[in-house]
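Single-structure report; data block below.
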C-alpha cells in the first residue's frame, strides 16, 4: 500500500526546483531599489562639433521667453457689393497672440564621464559641497535629489543652472585636474 503523499513527493520536488530557478529571475527588493535610483549623471550622447573625442558633455536648455498680447484677429472680412460698397463691415475678435521675446538657448558644458562617477567620487563631491555649505548630511555615494540640488545651487552663481555636475565645477571643487595654460613659446621635444 502506498502512502497518499508518496505520489506527490516528486511533483513537490519538481515544483520546488522550478520555484528556485524562477526566484533567481525575479529581482529582490534591494535590486529593484537599485534600478529605481537616479542615474549618477546625465550626459548626452551628442556633443558639440568642437568636442574632443572621448569627452562627455551635458546640455542646458534655457526655454524661450515669450510675451502674450491680446490683439484683434480677423474672423470674417468685409462683404462688398459689385460697386465696392461695404455691405457688412469686417468682424474681429480679440485673441491672445504669443510672441517670442528671447529665443531658447542651448549651452553645452563638459562633464565628468559616467565611468568616473563612482560612489567614492560622488561621496567626494558631497563632502566638497558640504564643506562649502551647499550640501546637508553625510556622504552617501549616491547621486540623489539632495546632491543634485546642491550641485545646482553651487553652479548657479557661476552661470550654469543645471543639476548635472560640470567639469569646470568639479575643478573648482578640487575633484578634477586643473587645466594648465599651454606655453606657445616652449620648444617641442
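Numbering (the working numbering), first residue to last: 12 to 200.
Ideal Cβ placement from N, Cα and C applies to all residues, glycine included.
For clarity, every value in this text was computed on a predicted model and none was experimentally measured.
Cβ-based neighbour list, residue i, same chain, cut-off 6 Å, excluding 5 preceding and 5 following
{"i": "residue 133", "result": "152, 154"}
{"i": "residue 106", "result": "84"}
{"i": "residue 98", "result": "90, 92"}
{"i": "residue 82", "result": "108"}
{"i": "residue 174", "result": "159, 162, 163"}
{"i": "residue 201", "result": "Lying before the first or after the last residue shown, residue 201 is absent from the chain, which here runs from 12 to 200."}
{"i": "residue 145", "result": "161, 164, 165"}
{"i": "residue 79", "result": "107, 109"}
Backbone CA spacing between residue i and residue j [nearest angstrom]
{"i": "residue 138", "j": "residue 64", "result": "31 Å"}
{"i": "residue 180", "j": "residue 70", "result": "15 Å"}
{"i": "residue 59", "j": "residue 158", "result": "27 Å"}
{"i": "residue 165", "j": "residue 142", "result": "12 Å"}
{"i": "residue 126", "j": "residue 117", "result": "25 Å"}
{"i": "residue 77", "j": "residue 113", "result": "7 Å"}
{"i": "residue 170", "j": "residue 111", "result": "23 Å"}
{"i": "residue 39", "j": "residue 187", "result": "With a pLDDT of 40 at residue 39, under the threshold of 50, the predicted position of this residue should be treated as unreliable, though the coordinate-derived value follows. Rounded to whole angstroms, residue 39 to residue 187 spans 36 Å at the Cα level."}
{"i": "residue 148", "j": "residue 178", "result": "23 Å"}
Sequence-distant residues of the same chain with beta carbon closer than 7 Å to residue i, five excluded per side
{"i": "residue 176", "result": "52, 122, 123, 136, 162"}
{"i": "residue 88", "result": "101"}
{"i": "residue 86", "result": "102, 103, 104"}
{"i": "residue 115", "result": "72, 73, 74, 75"}
Member of the options whose CA lies at the smallest distance from the CA of residue i
{"i": "residue 130", "options": "118, 146, 150", "result": "150"}
Interface flag, residue i vs chain E, CB-CB below 7 Å
{"i": "residue 159", "result": "Structure shown: chain E not included; a single protein chain is present."}
First and last residue of the uninterrupted beta strand (DSSP E) at residue i
{"i": "residue 87", "result": "76-87"}
{"i": "residue 121", "result": "116-122"}
{"i": "residue 99", "result": "97-99"}
Opposing strand residues paired with residue i [DSSP bridges]
{"i": "residue 110", "result": "78"}
{"i": "residue 146", "result": "Residue 146 is not bridged to any residue."}
{"i": "residue 91", "result": "97"}
{"i": "residue 157", "result": "DSSP, once it has assigned bridges, lists no residue as partnering residue 157."}
Residues near residue i in its chain [Cβ-Cβ closer than 8 Å; skip 5 each side]
{"i": "residue 189", "result": "182"}
{"i": "residue 68", "result": "54, 55, 57, 58, 59, 62, 119, 120, 121, 122"}
{"i": "residue 140", "result": "146, 158, 161, 162, 165, 184"}
{"i": "residue 66", "result": "58, 121, 124"}
Start-to-end residues for the alpha helix (DSSP H) that takes in residue i
{"i": "residue 183", "result": "178-183"}
{"i": "residue 131", "result": "130-142"}
{"i": "residue 72", "result": "That residue, residue 72, is in no alpha helix (DSSP H); its beta strand (DSSP E) goes 67-73."}
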